[in-house]
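Colleague: Would you mind keeping the following structure in view while I ask a few things?
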Amino acid sequence: MRAKHLDNITYIVGPAETLPVDDGSVSLLTAFVSAHWFDLPAFMHEVERVLQPRGCLVIYSYMYPFDIECGVFSEKLTQILWKVIEDLRPYESHKMNHVREDYTAMYEAIPFADKKRLESVRLIPLKLPELMGFIGSFAEYQALKAEDPLTAQALMEETEKRVKETLGDAAASAEMKIVLKIVLLLTCNNSQSS
Numbered sequence: 000m001r002a003k004h005l006d007n008i009t010y011i012v013g014p015a016e017t018l019p020v021d022d023g024s025v026s027l028l029t030a031f032v033s034a035h036w037f038d039l040p041a042f043m044h045e046v047e048r049v050l051q052p053r054g055c056l057v058i059y060s061y062m063y064p065f066d067i068e069c070g071v072f073s074e075k076l077t078q079i080l081w082k083v084i085e086d087l088r089p090y091e092s093h094k095m096n097h098v099r100e101d102y103t104a105m106y107e108a109i110p111f112a113d114k115k116r117l118e119s120v121r122l123i124p125l126k127l128p129e130l131m132g133f134i135g136s137f138a139e140y141q142a143l144k145a146e147d148p149l150t151a152q153a154l155m156e157e158t159e160k161r162v163k164e165t166l167g168d169a170a171a172s173a174e175m176k177i178v179l180k181i182v183l184l185l186t187c188n189n190s191q192s193s
């Protein structure tokens, strides 16, 4: 089912630091699990330039570290996941510091006084194949895989082996939940004119 097209809504995708829109023309600007990759000062300058009076910015992302809930296995599985994240740390972009620091610098960089920072927790249910896919989606893992595919494969195999050993007979059917800390930054341009 497709969403109904509304005449007063236009979707535009463009580089965050040079948005292809007129000054003061945007009523809602969003960045979901992406703002930490932006050139922060350039992006915030663009936010200030493009938001119309009363226009809003919404930034949403997960934060490190992640936990795993799985009954009596929770602590051990979380330790396994944290070890993977630490093993991948040499391949981590410095821009991921925003994620590690709960988007604090990003919040402080918002150029409007009317702003709010909200936190919540999201539980994502998954089984072992989805957990491995989740780990494989990390930018740090992708960087390792590009540099050294054999080491990346060995990391995934060792991680899967440790998870299976931890879960034992329950490995094939165990219902795990990734616990994600979510940060939502909201702001509005309360100026009367652009």
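The sequence shown maps to residues 0 to 193 in numbering that gives the first Met the number 0.
C-beta atoms are modelled at their ideal positions from N, C-alpha and C, and glycine is treated no differently.
Predicted, not measured: the structure shown is a model, and the values here were computed from it.
Given this structure, state the Cα-to-Cα distance separating K126 from R48, to the nearest angstrom.
Modeller: In a straight line, the C-alpha of K126 is about 45 Å away from that of R48.
Colleague: Give the straight-line distance between the Cα atoms of V20 and C55, rounded to the nearest whole angstrom.
Modeller: Roughly 15 Å separates the two Cα atoms.
Colleague: Leaving out five residues before and five after K163 in sequence, what residues of the same chain have Cβ atoms less than 8 Å from its Cβ?
Modeller: Around K163: L127, A170.
Colleague: In its own chain, which residues sit with a C-beta less than 6 Å from the C-beta of A41, not counting the 5 before and 5 after it?
Modeller: E16, listed in sequence order.
Colleague: How long is the line joining the alpha carbons of P110 and H44, rounded to whole angstroms?
Modeller: Rounded to whole angstroms, P110 to H44 spans 8 Å at the Cα level.
Colleague: Would you call the stretch 24-36 and the stretch 71-89 touching, i.e. three or more CB-CB distances under 8 Å?
Modeller: No, they do not touch.
Colleague: If you compare alpha carbons, which of I79, V71, L166, L184 is closest to S119?
Modeller: Residue L184 is the option with its Cα nearest to S119.
Colleague: Could you give the C-beta distance for S60 and Y102, rounded to a whole number, given that I count them as a contact under 8 Å?
Modeller: Contact flag correct, Cβ pair sits at about 6 Å.
Colleague: Is the beta carbon of V71 less than 8 Å from the beta carbon of R116?
Modeller: Cβ atoms of V71 and R116: not closer than 8 Å.
Colleague: Quick check on A153: buried or exposed, where buried means 16 or more other Cβ atoms within 10 Å of its Cβ?
Modeller: Exposed, since its Cβ has fewer than 16 Cβ neighbours within 10 Å.
Colleague: Identify which residue in H97, F137, Q51, I11 has its Cα closest to the Cα of D22.
Modeller: Among H97, F137, Q51, I11, the Cα nearest to that of D22 is on Q51.
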